[in-house]
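Colleague: Quick one: structure below, then a few questions.
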Amino acid sequence: MKLKKLTALLLAGIMTLSLAACGGGSGESSSGDSPESKGDSASESTADTSGAESSGELSGKLTVWTLAADLEQFADKFKEENPGVEMEVVVIAPDDYPTKVETALLGGDSSVDIIVGEPKMLQSMYEAELFANLDDFGAQDYEGKIVDYVWQVGKDNEGIQRAISYQITPIGFFYRRDIADKVFGYSDPESVGKLFADYDTIIETGKTLKDAGYRVFASDGETQHFKGQSSWVVDGALNVDQQRYDFMDLATELYQQDLTAYATQWTAPWYQAMSGPVPILNAEIQGGVWDTDENGDPLLNVWDEENFNANVENYSSETAEVFAFGLPAWGVLTLRDNVGETAGSWGVCSGPSYGYDGGTYIGISDLSENKELAWEFVKFCTLNEEVADWWIEASEGDTVSLLSALEKHAEDENETYGGQKLYKFWLEQAEGINLSNVTEYDKAIDAAWTNAVTAVKTGEKTKEDAIAGFYDEVAATYPDLEINR
197 MKLKKLTALL
207 LAGIMTLSLA
217 ACGGGSGESS
227 SGDSPESKGD
237 SASESTADTS
247 GAESSGELSG
257 KLTVWTLAAD
267 LEQFADKFKE
277 ENPGVEMEVV
287 VIAPDDYPTK
297 VETALLGGDS
307 SVDIIVGEPK
317 MLQSMYEAEL
327 FANLDDFGAQ
337 DYEGKIVDYV
347 WQVGKDNEGI
357 QRAISYQITP
367 IGFFYRRDIA
377 DKVFGYSDPE
387 SVGKLFADYD
397 TIIETGKTLK
407 DAGYRVFASD
417 GETQHFKGQS
427 SWVVDGALNV
437 DQQRYDFMDL
447 ATELYQQDLT
457 AYATQWTAPW
467 YQAMSGPVPI
477 LNAEIQGGVW
487 DTDENGDPLL
497 NVWDEENFNA
507 NVENYSSETA
517 EVFAFGLPAW
527 GVLTLRDNVG
537 ETAGSWGVCS
547 GPSYGYDGGT
557 YIGISDLSEN
567 KELAWEFVKF
577 CTLNEEVADW
587 WIEASEGDTV
597 SLLSALEKHA
607 EDENETYGGQ
617 KLYKFWLEQA
627 EGINLSNVTE
637 YDKAIDAAWT
647 NAVTAVKTGE
657 KTKEDAIAGF
667 YDEVAATYPD
677 LEINR
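Number 333 in my numbering belongs to position 137 of the sequence shown; there are no gaps in the numbering.
Here's what the structure looks like:
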């Protein structure tokens, strides 16, 4: 029975969900959120609705399970426009989402109509047949209306449309225009993008900035999205190309040469680095002995802003301003809410490779008894231009996936980012995304490689030992793969 597949497939998702809940939204919603999920919440109300492109009045009840609070706003909008539909939206903490979906389906729960997933979860969910076939409702008729990579991510391995996202999440570097002008003499996105053209150039850019009293990134983690798009598996064999090794060298140099501020994503200093100088906890400090309390916990807690501010001076008196952050399109909202007086001094440019991260993909539970009504909601959220226009305004800058809306807003200027036309920029970046190299092995192999990179940069292991350990881990995880060391 298909439900028996769930335990093995979904438990892995708990450990691999991204810290950001993955989408876009107003204020601190799912689009660039830190991992500060509040647990589960539900909102229920009754109102008449008439779904996007429907010919008559709709009625019934829809239950939505989501890890992105955005869908609460979409549900409210849906109810405003269409009478007769009762909506219940349950927002589940991202780390808990796979388990709750699994538990419900193992119990045969048919009350859930709308389910969602992040890209890192979707293949497991497709294989478990959690999502209904959207082609049964005519989804294929809309191909070409959504940014292509998003449409493709929503397909299973057999090419069946299972989910659609209302947003795109291509990657880029968010940089300080004022620092660029001072150090390099220019600040336009095209010129600054050349400072990040390849790994060697990034190191040289980092050295130049350090000599001028700045740091190129908050941490080497800002480069994690720019590892390249090569396939981890080719013809049944593990494929570790030269770019993977080059990326390991990049992360190691950034870390060991003190070219960053060592402010890990989502920590207190990471947010602080968006608005001004931040204390530098360099490699020597990172590898040193930290004072602990009576419970053995470090006295300096980088995840607690109050604690960090009170104790950091005991560890470092050196500060610097950070030049750039590497984030997907939802970073527009994250920085907007944290840049403070530096608002207007930011820009966004391309990096050394294309890619994407996150995004909320909406589909219909295969057990739903209200699939026709659920399809109206999916269309409403993803394929309705008026709704896309509304979401751009309501979210204060999320980047939608509907091509007609992106084209309409291509000339919109974002004042936080120096008047840059960000919708046009993100669409250009999305067009460079290559999904042909995506495999079912990517999640686990990428995590193993990240562990190897961390071990090398921190000096825990030699490069040779870390790579050997990586091969061992992949071989143990996927004994069916050919491993050529």
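From the three backbone atoms N, C-alpha and C, an ideal C-beta is built for every residue, glycine too.
As the structure is a computational prediction, the values presented were derived from the model and not from experiment.
At the level of alpha carbons, what is the spacing between Asn278 and Glu603?
Modeller: So the alpha carbons of these two residues sit roughly 27 Å apart.
Colleague: Going by DSSP, which residues form a beta bridge with Ile560?
Modeller: Ile310
Colleague: Excluding the 5 residues preceding and the 5 following Lys423 in the sequence, name in chain order all residues of the same chain whose CB lies nearer than 6 Å to its CB.
Modeller: Phe443
Colleague: DSSP puts Ser361 in a beta bridge; with which residues?
Modeller: Tyr557
Colleague: Using 8 Å as the cut-off, can you tell me whether the segment 414-422 makes contact with the segment 452-460, which would need three or more C-beta pairs spanning the two stretches below that distance?
Modeller: Under the three-pair Cβ rule at 8 Å, the segment 414-422 counts as touching the segment 452-460.
Colleague: Verify whether the separation of the beta carbon atoms of Leu258 and Val429 is less than 8 Å.
Modeller: No, the Cβ-Cβ distance between Leu258 and Val429 is not below 8 Å.
Colleague: Buried or exposed, going by whether 16 or more other CB atoms sit within 10 Å of the CB of Ser597?
Modeller: Ser597 is buried by the Cβ-count criterion.
Colleague: With Ala300 and Asp562 assumed to form a contact (beta carbons below 8 Å), what rounded beta-carbon distance in angstroms separates them?
Modeller: Not a contact, Cβ separation roughly 12 Å.
Colleague: Just list the residues that DSSP pairs Leu301 with in beta bridges.
Modeller: None; Leu301 has no bridge partner.
Colleague: By alpha-carbon positions, which one of Asn630, Leu455, Pro524, Thr262 ends up nearest to Met283?
Modeller: Thr262
Colleague: Measuring only the C-alpha atoms, how far is Ser513 from Ile481?
Modeller: The straight-line gap from Cα to Cα measures roughly 12 Å.
Colleague: Taking only three categories from DSSP, how would you classify Glu418?
Modeller: It is helical.
Colleague: Applying the 10 Å Cβ sphere with the 16-neighbour rule, what's the burial state of Arg358?
Modeller: buried
Colleague: The beta strand (DSSP E) that contains Tyr371, what's its start and end?
Modeller: 367-372
Colleague: Quick check on the DSSP output: the beta strand (DSSP E) that includes Pro524 runs from which residue to which?
Modeller: 515-524
Colleague: Can you tell me where the alpha helix (DSSP H) holding Glu589 begins and where it ends?
Modeller: 581-590
Colleague: Quick one: what does DSSP say Tyr410 is sitting in, helix, strand or coil?
Modeller: strand
Colleague: What are the boundary residues of the alpha helix (DSSP H) that Val388 is part of?
Modeller: 385-389
Colleague: Assuming Ser361 contacts Thr556 under a Cβ cut-off of 8 Å, what Cβ separation, rounded to an integer in Å, is found between them?
Modeller: 6 Å
Colleague: Hey, Arg372 and Gly614: beta-carbon distance below 8 Å or not?
Modeller: no
Colleague: If we count the other Cβ atoms within 10 Å of its Cβ and call it buried at 16 or more, is Ala393 buried or exposed?
Modeller: When all chains shown are included, Ala393 counts as exposed.
Colleague: Counting along the chain, where does the alpha helix (DSSP H) carrying Met321 start and finish?
Modeller: 315-323
Colleague: If the criterion is Cβ atoms closer than 8 Å, does the pair Leu529 and Phe521 meet it?
Modeller: no
Colleague: What residues in its chain sit with their C-beta under 7 Å from that of Ala626, if we drop five residues either side in the sequence?
Modeller: The answer, listed in chain order, is Val343, Tyr345, Ile364, Pro366.
Colleague: Just to confirm my understanding: we take Ser471, look at its own chain, exclude 5 residues before and 5 after, and list those with CB closer than 8 Å. What are they?
Modeller: Asn534, Val535, Gly536, Glu537, Thr538
Colleague: Are there any heavy atoms of the ligand SAM lying less than 7 Å away from the beta-carbon of Leu405, as far as the coordinates show?
Modeller: As far as ligands go, the structure on display features none, and thus does not contain the ligand SAM.
Colleague: Under 8 Å between the Cβ atoms of Ala464 and Glu501?
Modeller: Remark: C-beta atoms of Ala464 and Glu501 approach each other more closely than 8 Å.
Colleague: In the segment 565-649, which residue ranges form an unbroken alpha helix (DSSP H) of at least 4 residues, counting only runs that do not cross its ends?
Modeller: Listed in chain order, the complete alpha helix (DSSP H) runs (minimum 4 residues) inside the segment 565-649 are 567-578, 581-590, 599-604, 618-626.
Colleague: When the Cα atoms are used, what is the spatial distance from Pro290 to Trp499?
Modeller: 18 Å
Colleague: Please state whether the Cβ-Cβ distance between Ser389 and Leu450 is less than 8 Å.
Modeller: For clarity, residue 389 is Gly in the given sequence; the question names Ser instead. Against a cut-off of 8 Å, the Cβ pair of Leu450 and Gly389 comes out as no contact.
Colleague: If we ignore side chains and look at the alpha-carbon of each, how far apart do Asn580 and Thr646 end up?
Modeller: 39 Å
Colleague: Could you tell me the alpha carbon to alpha carbon distance between Tyr610 and Pro473, rounded to whole angstroms?
Modeller: The question names Tyr, but residue 610 is Asn in the sequence shown. In a straight line, the C-alpha of Asn610 is about 24 Å away from that of Pro473.
Colleague: In whole angstroms, give me the CA-to-CA distance for Glu589 and Tyr322.
Modeller: 32 Å
Colleague: Thinking C-alpha only, which one of Ile641, Thr650, Thr654, Glu656 is nearest Pro165?
Modeller: For the chain, the structure presents residues 197 to 681; residue 165 sits outside this window and is missing.
Colleague: Hey, could you find the ends of the alpha helix (DSSP H) Leu446 is sitting in?
Modeller: 438-452
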